[in-house]
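Novice: Residues in the sequence shown are numbered consecutively from 99, following this note's numbering.
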Amino acid sequence: MFTMKNIIIGFLSIFTLLMIAEACTSIDDKAKANVEIKRQDSLKAIAKKDSIEACTKTIMDPNNPKPMALLMRVQAANADSMHQQLLRGEKLDSNQYPFIHFYLVEPTDPKVLEPQFFENARTFKRAYEEVFTHPTAQKKFYNIMINGCIKCHEKYCSGPLKRIRKFPIGTSPL
Ligand code: HEC
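#1: Rounded to whole angstroms, how far is the Cβ of residue 177 from the Cβ of residue 239, which I believe are closer than 8 Å?
#2: Identify the continuous alpha helix (DSSP H) that holds residue 197 and give its terminal residues.
#3: Could you tell me if residue 214 is buried or exposed, where buried requires 16 or more neighbouring beta carbons within 10 angstroms of its beta carbon?
#4: Quick check: is any heavy atom of the ligand HEC less than 7 Å from the C-beta of residue 194?
#5: Comparing the CB of residue 173 with every heavy atom of the ligand HEC, is any distance shorter than 7 Å?
#6: Return helix, strand or coil for residue 167, following the three-state DSSP convention.
#7: State yes or no: is the C-beta of residue 218 nearer than 7 Å to some heavy atom of the ligand HEC?
#8: At a cut of 8 Å, does the segment 238 to 258 reach the segment 222 to 230 through at least three beta carbon pairs?
#9: Confirm the yes/no value for this check: CB of residue 224, any heavy atom of the ligand HEC, distance under 7 Å.
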């Protein structure tokens, strides 16, 4: 029964089975890793559109945006939605668009936190509030507010300018 030949065949088949099992799991792992790489790539592509990298020219980690970058994304989404509401002839409601205190949180590049930046932020905040204190001229004051985004971005973060320059309504930004 237990001839040498049988023992060898037995060992060989167990060995082969183990090899097959091993190969299967590693193929599975590789597939999972590929999916993860693809996901990371598409997240990077999304982040690149607004581009933290374009802000600072240094490669920051686009998958771990700093709080200021995140608040800026909300501001841009809000500006987009204000734009659409104004085009539909609707009034903007200050409850729907509370002012976002982006200048109080951590930026990607701490060097931006200089007096000129805070001065720009103050001017922008005044322009923002005026949109809601002039309910009958919101388009005009919205455009002035967007100009505040542009002014600051020309100095501190030129990457998103292309997108922000599409926000004003009508041909002239003022
Ligand atoms: C006082 C200056 C200032 C004002 C005003 C300002 N921004 Fe920014 N913005 C910045 C800075 C600085 C960054 C880079 C933030 C970071 O990476 O932490 C930034 C980043 C952004 C980004 C890129 C976010 C990302 O994904 O990395 C967008 C989009 C943006 N701003 C849109 C706007 C819009 C729209 C407005 C006006 C409604 C606005 N900003 C007003 C200074 C400003």
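C-beta atoms are modelled at their ideal positions from N, C-alpha and C, and glycine is treated no differently.
Computed from a predicted structure; not experimentally measured.
Specialist: Taking the geometry as given:
#1: Translated into positions along the sequence shown, residue 177 becomes position 79. Translated into positions along the sequence shown, residue 239 becomes position 141. Going by Cβ atoms, the distance from residue 177 to residue 239 rounds to 13 Å, so no, they are not a contact pair.
#2: By 1-based counting over the sequence shown, the position of residue 197 is 99. Neither: residue 197 is in no alpha helix (DSSP H) and is coded neither H nor E.
#3: On the sequence shown, position 116 is the one that residue 214 refers to. Exposed: under 16 other Cβ atoms inside 10 Å.
#4: On the sequence shown, position 96 is the one that residue 194 refers to. Because no heavy atom of the ligand HEC lies under 7 Å away, the Cβ of residue 194 does not count as near it: no.
#5: Numbered from its first residue, the sequence shown carries residue 173 at position 75. Checking every heavy atom of the ligand HEC against the Cβ of residue 173, one is found closer than 7 Å.
#6: For this step, residue 167 is matched to residue 69 along the sequence shown. Three-state result, residue 167: helix.
#7: Locating residue 218 in the sequence shown gives position 120, counting from the first residue. Answer for residue 218: yes, Cβ within range of the ligand HEC.
#8: yes
#9: Working through the sequence shown from its first residue, we reach residue 224 at position 126. Every heavy atom of the ligand HEC is 7 Å or more from the Cβ of residue 224, so no.
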